[in-house]
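Asks: So for the sequence shown, the numbering used here puts the first residue at 1342; every next one is plus one.
Dropping the structure in here first, questions after.
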Amino acid sequence: MKRQLLTPDELAAALTQLNGWKATDNHLTKRLEFPNFAAALAFVNKVAALAEAADHHPDITFGWGYAELNLTTHDRGGVTDVDTALAAKIDQIT
């Protein structure tokens, strides 16, 4: 992947292919709800495995019944194709 910042048009097009992701402050963000803490933790662990395989790591906040994901390419200062690719993989496990 190029790891180049997406243009506003490219980002808008990518968001149409993603489920529930939003573009916020140079990040892709998504909040998911779960029935309990254990389910949220299990999801976070699945995301961790995907992130390790992609060598691209989201910021994750989670607690009882929720997980929040933030994806950005830090060395590029915004959203790249690497972020949208990982978001798509995360969508496959939700």
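Positions of the beta carbon are idealized from the N, C-alpha and C atoms, including for glycine.
I need the boundaries of the beta strand (DSSP E) containing Phe-1375, first residue and last residue.
Replies: In the sequence shown, counting from the first residue as 1, residue 1375 sits at position 34. Here Phe-1375 belongs to no beta strand (DSSP E), and DSSP marks it neither H nor E.
Asks: Using 10 angstroms around the beta-carbon of Trp-1362, count the other beta-carbons present and answer buried if the total reaches 16, otherwise exposed.
Replies: Within the sequence shown, the letter at position 21 stands for residue 1362. By the 10 Å Cβ count, Trp-1362 comes out buried.
Asks: Check this for me: beta carbons of Leu-1369 and Ala-1408, under 7 Å apart or not?
Replies: The residue labelled residue 1369 in the question sits at position 28 within the sequence shown. The residue labelled residue 1408 in the question sits at position 67 within the sequence shown. It is not a contact, given that the beta carbons lie outside the stated cut-off.
Asks: Beta-carbon within less than 8 Å of Leu-1382's beta-carbon, same chain only, minus the 5 sequence neighbours each way: which residues are those?
Replies: Indexing the sequence shown from 1 puts residue 1382 at position 41. For Leu-1382, where only same-chain residues beyond five positions count, the Cβ hits under 8 Å are Phe-1403.
Asks: Would you mind sorting Ile-1431 into buried or exposed? The rule is 16 or more other CB atoms within 10 Å of its CB.
Replies: Stepping through the sequence shown from its first residue, residue 1431 is reached at position 90. Classification of Ile-1431: buried, given that the 10 Å Cβ count is 16 or more.
Asks: Might you give, ordered along the chain, the residues of its own chain that have their beta carbon closer than 6 Å to the beta carbon of Ala-1355, omitting 5 neighbours on each side?
Replies: Mapped onto the sequence shown, residue 1355 falls at position 14. Hits under 6 Å: Thr-1425.
Asks: Classify Ala-1428 as buried or exposed, calling it buried when 16 or more other Cβ atoms lie within 10 Å of its own Cβ.
Replies: Here residue 1428 refers to the residue found at position 87 when the sequence shown is read from its first residue. By the neighbour-count rule (16 or more Cβ atoms within 10 Å), Ala-1428 is buried.
Asks: Is the Cβ-Cβ distance between Val-1423 and His-1397 less than 7 Å?
Replies: As a position in the sequence shown, residue 1423 is number 82, starting the count at 1. As a position in the sequence shown, residue 1397 is number 56, starting the count at 1. Yes, they are a contact pair.
Asks: By DSSP, does Lys-1430 sit in helix, in strand, or in coil?
Replies: To locate residue 1430, count along the sequence shown from 1; it is residue 89. Looking at Lys-1430 - three-state DSSP - the assignment turns out to be helix.
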